[in-house]
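In my numbering, the protein residues as written are 142 to 459.
All C-beta atoms in this analysis are idealised placements derived from N, C-alpha and C, irrespective of residue type, glycine included.
Okay, so here's the structure we're looking at.
In structure tokens form, the structure reads like this:
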């Protein structure tokens with residue numbers, strides 16, 4: 142039974158060590174099961190996997206490419222435990238940084254006790270997560286964390302032409318990140334681009350912004366700091382907003398849940414504008430081909446243009 146619920150379908154099953162099994166059962170990691178990886182877009186798209194499935198996927202990739210690197214394997218399990226409800230949806234909009242909370246939770250008694258039991262230290266895991274590694278990728282090289290995100294998001298959205306486990310056979314991973322041949326690298330770039338065109342689309346940006354605004358209004362109405370919400374789950378946030386004493390917050394969450402088709406987003410400002418959206422930066426990492434990130438190649442001019450075209454300003458209308 143443990144095999145069943147500590148699994149995900151995209152990659153081959155890997156053998157867990159005792160410490161990994163215990164870490165996956167901590168309250169901090171289990172909480173990820175109740176946080177949408179794709180943010181508030183979870184409410185309006187078929188991309189509904191959680192941070193927990195993503196974490197399992199990243200751990201599997203770490204095991205697949207670096208079976209003897211136990212620091213990396215542990216870091217893969219703990220790398221996302223600091224995420225707020227709905228993951229990135231409210232983080233930037235409300236002025237938080239999930240990396241800060243990740244370090245805080247790794248230092249908690251629950252996790253510190255498990256690490257020390259097996260001869261590991263919180264400081265070494267935090268230091269690993271703060272440095273460039275195969276998990277994050279060096280410089281402009283795609284790492285294991287984002288590799289899983291692009292595989293998983295596009296698979297769930299129905300855009301992946303190949304099963305991720307089949308693509309793995311064409312990949313390797315060095316200390317800098319993912320290495321592959323040109324054809325496979327171009328396929329991965331297409332997944333990266335399609336994923337960005339989806340989650341940076343005007344409507345999904347608006348969904349994230351509206352959710353953040355609803356939380357802000359509720360916090361203001363209740364006189365409670367936003368930091369009170371960081372350890373909640375997505376369901377708790379939805380329940381909180383639907384029961385809010387802020388009528389505006391209630392209307393916004395009802396809009397997201399039941400009438401998302403009524404959200405209007407344009408590129409021009411008017412007196413009816415309620416909220417402003419802005420995409421300032423886009424993804425720059427890619428797999429290594431012949432020692433260089435393929436996105437830097439002249440063959441990727443069209444991909445770079447598609448990504449840069451996403452840097453826009455939008456306005457949500459009432």
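One question on the structure: do residue 427 and residue 281 come within less than 8 Å of each other, judged by their Cβ atoms?
yes
Judging by CA-CA distance, which residue of 371, 388, 164 and 363 is the nearest neighbour of residue 250?
164
Can you tell me the Cα-Cα spacing of residue 238 and residue 232, whole angstroms?
6 Å
Need the endpoints of the alpha helix (DSSP H) that residue 310 sits in, please.
Where residue 310 is concerned, there is no enclosing alpha helix (DSSP H), given that its DSSP letter is neither H nor E.
Need the endpoints of the alpha helix (DSSP H) that residue 320 sits in, please.
For residue 320, there is no enclosing alpha helix (DSSP H); the enclosing beta strand (DSSP E) has its first and last residue at 318-321.
Is residue 196 near residue 159, with beta carbons less than 8 Å apart?
no
Would you call residue 334 buried or exposed, if buried means 16 or more other Cβ atoms sit within 10 Å of its Cβ?
buried
Entirely within the stretch 163-220 and at least 4 residues each: give me those alpha helix (DSSP H) ranges in chain order.
With a minimum length of 4 residues, the continuous alpha helix (DSSP H) runs that stay inside the stretch 163-220 are 168-171, 192-206 and 211-219.
Contact between the stretch 336-347 and the stretch 393-407 is defined here as three or more beta-carbon pairs at a separation below 8 Å; is this criterion met?
yes
Cβ atoms of residue 198 and residue 246: under 8 Å apart, would you say?
no
Round the Cβ separation of residue 379 and residue 356 to the nearest angstrom and send it over; I've been treating them as touching at under 8 Å.
Contact flag wrong, Cβ pair sits at about 11 Å.
How is residue 360 classed by DSSP in three states: helix, strand or coil?
helix
Report the residue from 458, 243, 388 and 422 whose alpha carbon sits nearest the alpha carbon of residue 269.
243
Which residues does DSSP pair with residue 419 in a beta bridge?
454
Determine the direct distance from the alpha carbon of residue 351 to that of residue 360, and round the result to whole angstroms.
Distance between the alpha carbons of residue 360 and residue 351: 14 Å.
Since residue 453 and residue 420 are thought to touch, with beta carbons under 8 Å apart, how far apart are those beta carbons, to the nearest angstrom?
6 Å between Cβ atoms; contact.
Can you give the Cα-Cα distance for residue 444 and residue 331, rounded to whole angstroms?
8 Å
Span of the beta strand (DSSP E) holding residue 405?
405-407
Determine whether the beta carbon atoms of residue 225 and residue 371 lie at a separation below 8 Å.
yes
Tell me the rounded alpha-carbon separation between residue 364 and residue 373.
17 Å
Any idea if residue 150 is buried or exposed, counting beta-carbon neighbours within 10 angstroms, 16 or more meaning buried?
The C-beta of residue 150 has fewer than 16 other C-beta atoms within 10 Å across all chains shown, which makes the residue exposed.
Compute the beta-carbon to beta-carbon distance between residue 430 and residue 321, rounded to the nearest angstrom, for a pair I have assumed lies under 8 Å.
Yes, they are in contact, since the Cβ atoms of residue 430 and residue 321 sit about 7 Å apart, within 8 Å.
Write down the C-beta distance between residue 261 and residue 215 rounded to the nearest angstrom, noting that I regard them as a contact closer than 8 Å.
7 Å
Return the chain-ordered list of same chain residues with a C-beta closer than 8 Å to the C-beta of residue 367, the five sequence neighbours on each side being excluded.
Take residue 367, set aside five residues on each side of it, and the residues of its chain with a beta-carbon closer than 8 Å to its own are 235, 236, 237, 356, 357 and 360, in chain order.
Between residue 385 and residue 375, what straight-line distance do the alpha-carbon atoms span, to the nearest angstrom?
15 Å
Do you know offhand how far residue 188's Cα is from residue 413's?
Distance between the alpha carbons of residue 188 and residue 413 is about 31 Å.
Taking only the alpha-carbon atoms, compute the straight-line gap between residue 177 and residue 271 and give it to the nearest angstrom.
24 Å
Within 10 angstroms of its Cβ, does residue 201 collect 16 or more other Cβ (buried), or is it exposed?
With 16 or more other Cβ atoms inside 10 Å of its own Cβ, residue 201 counts as buried.
How many angstroms separate the CA atom of residue 389 from the CA atom of residue 185?
20 Å
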